[in-house]
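2 protein chains.
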Amino acid sequence: MNASPTPMPGRPVRGSTTGRSVMAALDLFGRRWTLRIIWELGSEPLGFRLLQRRCDGMSSSVLRQRLTELQEARLAEVLRDGSYTLTPLGHDAREALGPVIEWSRRWAAELADAPPTAAEGAGDGQRNRF
Amino acid sequence: MNASPTPMPGRPVRGSTTGRSVMAALDLFGRRWTLRIIWELGSEPLGFRLLQRRCDGMSSSVLRQRLTELQEARLAEVLRDGSYTLTPLGHDAREALGPVIEWSRRWAAELADAPPTAAEGAGDGQRNRF
DNA sequence: TGGAGTGCTTCGGAATTCGAAGCACTCATC
DNA sequence: GATGAGTGCTTCGAATTCCGAAGCACTCCA
Numbered sequence: 247m248n249a250s251p252t253p254m255p256g257r258p259v260r261g262s263t264t265g266r267s268v269m270a271a272l273d274l275f276g277r278r279w280t281l282r283i284i285w286e287l288g289s290e291p292l293g294f295r296l297l298q299r300r301c302d303g304m305s306s307s308v309l310r311q312r313l314t315e316l317q318e319a320r321l322a323e324v325l326r327d328g329s330y331t332l333t334p335l336g337h338d339a340r341e342a343l344g345p346v347i348e349w350s351r352r353w354a355a356e357l358a359d360a361p362p363t364a365a366e367g368a369g370d371g372q373r374n375r376f
Numbered sequence: 247m248n249a250s251p252t253p254m255p256g257r258p259v260r261g262s263t264t265g266r267s268v269m270a271a272l273d274l275f276g277r278r279w280t281l282r283i284i285w286e287l288g289s290e291p292l293g294f295r296l297l298q299r300r301c302d303g304m305s306s307s308v309l310r311q312r313l314t315e316l317q318e319a320r321l322a323e324v325l326r327d328g329s330y331t332l333t334p335l336g337h338d339a340r341e342a343l344g345p346v347i348e349w350s351r352r353w354a355a356e357l358a359d360a361p362p363t364a365a366e367g368a369g370d371g372q373r374n375r376f
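Sequence lines, in order, name chains A and B.
If you count by the working numbering, then the first sequence holds residues 247 to 376, one letter each, in order.
If you count by the working numbering, then the second sequence holds residues 247 to 376, one letter each, in order.
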């Protein structure tokens, strides 16, 4: 498998020596596809290939990696029939994600009428404001 | 600069053809350090170098990239004095992250007494359950 | 006139992600 | 009982992303 161990609370995480649980969570969630997988898995148990399709055909190798991480972190588990689900803890996590989803709607709304025109951080005018 | 454009609601996102705002948000937040930056920036405005230190010395190139993305997404902005803050929208986002932080505590607690022993998804027993 | 500190860029190497291909297997259907 | 379709999962080379040290231009203070 690849490198970087599954972030867990209590011990140092990638790029952090503190080991605070928040940072561990932020690291876990801050990996490509992790949030998405939790989201998709939240509504119903899914088999590997179906889950992959739900995630816009993400690469199987990474999906496998993420699923392993989520299992190690006790957010997901495999059912008898081989499909994946969220554990109670995993469902909690997904619920915790609820406000983020709500926020994204406001975000979309806000960007809708706000002028996306401005030279938004592109190679804009003032370079050094010293 | 690097590739992959800043995810924005309304148009297709990396690995998604739907363009639903939720997916855009999940993509934006699912980039390394993004959540962390929002988190650190939430408490007070920070200059580039200080922010970098707060983020466990993350690489400056990526920090620059993330800050640009966050500005484009209207979550962050630069103050007169050159320091970075969250916009109101950005603060909303951070608040939306609150439950995730709470959850991480429960997560830590749960993993504390749960047996971290089991062969958790490692090359465990049954390979193909067909 | 020096440091010391800042925002930010460059760039080569390391790590992660992608995606197509394939393996082993099950479950119909023929 | 061969065939085809579907499944979970691996492998592996290439593309992308990330890292981190170094450096540039500049400001502020002594």
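C-beta atoms are modelled at their ideal positions from N, C-alpha and C, and glycine is treated no differently.
Legend entry - N-terminal and C-terminal residue of the beta strand (DSSP E) that ALA271 of chain B is part of: As a working mapping, residue 271 of chain B is identified with position 25 in the second sequence. ALA271 of chain B -> not in any beta strand (DSSP E); alpha helix (DSSP H) instead, spanning 267–275.
Inset, instruction - Measure how close the beta-carbons of TYR330 of chain B and LEU287 of chain B come, nearest whole angstrom, since I'm counting them as under 8 Å. - result: On the second sequence, position 84 is the one that residue 330 of chain B refers to. On the second sequence, position 41 is the one that residue 287 of chain B refers to. Right, their Cβ atoms sit about 6 Å apart.
Inset, instruction - Spell out the partners DSSP gives LEU332 of chain B in its beta bridges. - result: Position 86 of the second sequence, counted from the first residue, corresponds to residue 332 of chain B. Paired residue(s): B:ALA322.
Legend entry - Inter-residue Cα distance where the pair is THR314 of chain B and GLY328 of chain B: Reading the second sequence from its first residue, position 68 is the one you call residue 314 of chain B. Reading the second sequence from its first residue, position 82 is the one you call residue 328 of chain B. Spanning the alpha carbons of THR314 of chain B and GLY328 of chain B requires a straight line of approximately 14 Å.
Legend entry - SER250 of chain B classed as buried or exposed, judged by whether at least 16 other C-beta atoms fall within 10 angstroms: On the second sequence, residue 250 of chain B is found 4 positions in, with the first residue counted as 1. By the neighbour-count rule (16 or more Cβ atoms within 10 Å), SER250 of chain B is not buried but exposed.
Legend entry - Contact under 8 Å by Cβ, ALA342 of chain A with THR333 of chain A: Stepping through the first sequence from its first residue, residue 342 of chain A is reached at position 96. Stepping through the first sequence from its first residue, residue 333 of chain A is reached at position 87. In terms of Cβ geometry, ALA342 of chain A and THR333 of chain A do not form a close pair [threshold 8 Å].
Inset, instruction - Kindly indicate which residue of A:SER350, A:LEU316, A:TRP349 and A:ARG352 has the alpha-carbon position closest to the one of LEU335 of chain A. - result: Counted from its first residue, the first sequence places residue 335 of chain A at position 89. Ranked by how close their Cα comes to the Cα of LEU335 of chain A, the residues A:SER350, A:LEU316, A:TRP349 and A:ARG352 have A:LEU316 in first place.
Inset, instruction - Just tell me which of B:CYS301, B:ASP338 and B:TRP353 has its CA closest to the CA of VAL346 of chain A. - result: Your numbering for residue 346 of chain A matches position 100 in the first sequence. Selection B:CYS301, B:ASP338 and B:TRP353 evaluated against VAL346 of chain A yields B:ASP338 as nearest (Cα-Cα).
Legend entry - Interface flag, PHE294 of chain A vs chain B, CB-CB below 8 Å: On the first sequence, residue 294 of chain A is found 48 positions in, with the first residue counted as 1. Contact with chain B is absent for PHE294 of chain A, since none of that chain's Cβ atoms lies less than 8 Å from the residue's Cβ.
Legend entry - Residue-level contact to chain A via CB, GLU356 of chain B, 8 Å cutoff: Locating residue 356 of chain B in the second sequence gives position 110, counting from the first residue. Any Cβ of chain A closer than 8 Å to the Cβ of GLU356 of chain B would place that residue at the interface, and such an atom is present.
Inset, instruction - Anything in chain A within Cβ reach of THR280 of chain B, meaning under 8 Å, just list it in chain order. - result: Reading the second sequence from its first residue, position 34 is the one you call residue 280 of chain B. Chain-ordered, the chain A residues with CB closer than 8 Å to the CB of THR280 of chain B read GLY276.
Legend entry - Helix, strand or coil at LEU316 of chain B according to DSSP, with G and I counted as helix: Numbered from 1 along the second sequence, position 70 holds the residue referred to as residue 316 of chain B. Reduced to three states, the DSSP call for LEU316 of chain B is helix.
Inset, instruction - Please list the partners that ARG351 of chain B has in chain A, where partner means a Cβ-to-Cβ separation under 7 Å. - result: Taking the first residue of the second sequence as position 1, residue 351 of chain B is located at position 105. Within chain A, the residues near ARG351 of chain B are SER267.
Inset, instruction - May I have the straight-line CA-CA distance separating CYS301 of chain B from GLN298 of chain A, to the nearest angstrom? - result: As a working note, residue 301 of chain B is residue 55 in the second sequence. As a working note, residue 298 of chain A is residue 52 in the first sequence. Approximately 32 Å between the Cα atoms of the pair.
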